[in-house]
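Have a look at the structure below, then the notes.
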Amino acid sequence: RATSSKSSHVFYSRSNPSDQSRAPSSTSSRNGMEIDTDSYEDSSNSYDETDCECTETALQILEEVAVPPVGTDWAMAENTIFLLKNNISRCLVLAQCRGCRQESGVCMLNLVIYEKLTTGFEEVAQWWRKRYQPQGVRTDSHSRRERHHHQQQQLKTRITMGKYQIDTAEEHQAVFATIIACQLQRLAGLSMLMTEHSKKVKWQAHVQYGEVLRRRMMTLEDVWR
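Residue numbers (UniProt numbering): 1 to 225.
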């Protein structure tokens with residue numbers, strides 16, 4: 001079931017172990033997400049492995065995220081966001097499988113997927129810095145035309161909230177950054193959950209992998225503030 005938290009930085013905080021009694025959910029929040037490690041550890045419930053398709057699903061996700069969308073324009077960024085959100089949601093479903101949590105190999109496969117998703121965020125961040133952060137000495141006419149072209153591209157995608165239309169470059173960029181931050185936060189919650197689980201079952205390689213991902217995500221978080 002869905003859970004939420006008032007914590008604003010999933011990267012830096014852990015939930016209280018005494019409060020961890022709910023399963024992870026695909027519901028996300030810009031204010032963070034509660035990390036469930038106690039129920040994650042509960043293996044007392046029966047589980048029918050014959051019904052599990054997690055490994056097959058995980059491999060399908062890995063195939064999708066291993067090759068990022070091609071291009072350097074706004075359409076590429078939008079396609080990447082779709083790819084990231086869709087597969088993070090699928091990973092949230094995988095994280096609820098109690099049987100697979102006991103399998104070291106499956107958990108490592110999930111971490112590899114999280115790494116590929118993180119790489120996708122890094123590629124979008126690189127694209128964002130190049131086009132929308134101050135360009136310093138790049139004030140020549142070619143650079144101005146390039147920025148104008150990208151503004152026109154992004155405005156081809158209309159966003160509305162009721163009668164309100166997000167129809168300026170500034171608004172579009174702000175919405176884009178907020179969406180990215182939200183999806184990054186969802187991924188960070190998954191990664192933290194897996195790392196905490198790995199600590200409890202003493203999978204050291206998994207813990208080290210997760211810690212590296214955590215640092216990369218902390219760096220990415222700064223881009224979208």
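Where a beta carbon is used, it is the ideal one built from N, C-alpha and C, also for glycine.
#### Entry: Span of the beta strand (DSSP E), counted from its first residue to its last, around residue 96
Per DSSP, residue 96 belongs to no beta strand (DSSP E) and is neither H nor E.
### Query
Would the segment 168-179 and the segment 86-105 be scored as touching if the rule is three or more Cβ pairs under 8 Å?
With a cut-off of 8 Å, the segment 86-105 and the segment 168-179 do not count as touching, because too few Cβ pairs lie within range.
### Backbone CA spacing between residue 69 and residue 58 [nearest angstrom]
Each residue's Cα considered, the two are about 19 Å apart.
### Query
Whose C-alpha, out of 199, 62, 74, is nearest the C-alpha of residue 125?
The residue among 199, 62, 74 with its C-alpha nearest the C-alpha of residue 125 is 74.
### C-alpha distance - residue 186 paired with residue 91, whole-angstrom precision
Rounded to whole angstroms, the gap between the alpha carbons of residue 186 and residue 91 is 10 Å.
### Residue burial classification, residue 53 (beta-carbon count within 10 angstroms, cutoff 16)
Exposed is the call here.
### Query
Could you give the distance in angstroms between the alpha-carbon of residue 60 and the alpha-carbon of residue 195?
Looking at the two C-alpha atoms, the distance is approximately 22 Å.
### Message
Assuming residue 184 and residue 218 are in contact, meaning their beta carbons sit under 8 Å apart, how far apart are those beta carbons, in whole angstroms?
### Response
Contact flag wrong, Cβ pair sits at about 10 Å.
#### Entry: The alpha helix (DSSP H) enclosing residue 165, as first and last residue numbers
Here residue 165 belongs to no alpha helix (DSSP H); instead the beta strand (DSSP E) covers 164-166.
### Query
Taking the continuous alpha helix (DSSP H) assigned at residue 200, which residues delimit it?
Bounds of the alpha helix (DSSP H) holding residue 200 are 169-201.
#### Entry: Cβ-Cβ distance between residue 109 and residue 87 below 8 Å
Going by C-beta atoms, residue 109 is not nearer than 8 Å to residue 87.
### Message
With the cut-off set at 8 Å, would you say residue 206 and residue 62 are in Cβ contact?
### Response
Contact flag unset, no.
### Query
Roughly how many angstroms lie between the CA atoms of residue 188 and residue 214, to the nearest whole one?
Between the alpha carbons of residue 188 and residue 214 lies a distance of about 7 Å.
### Query
When burial is assigned at 16 or more other CB atoms within 10 Å of the CB, is residue 65 buried or exposed?
Of the other Cβ atoms in all chains shown, 16 or more fall within 10 Å of the Cβ of residue 65; this residue is therefore buried.
### Query
Thinking C-beta only, is residue 121 closer than 8 Å to residue 193?
Going by beta carbons, residue 193 and residue 121 fall outside the 8 Å limit.
### Message
Could you compute how far the alpha carbon of residue 67 sits from the alpha carbon of residue 113?
### Response
Approximately 12 Å, taken between the alpha carbons.
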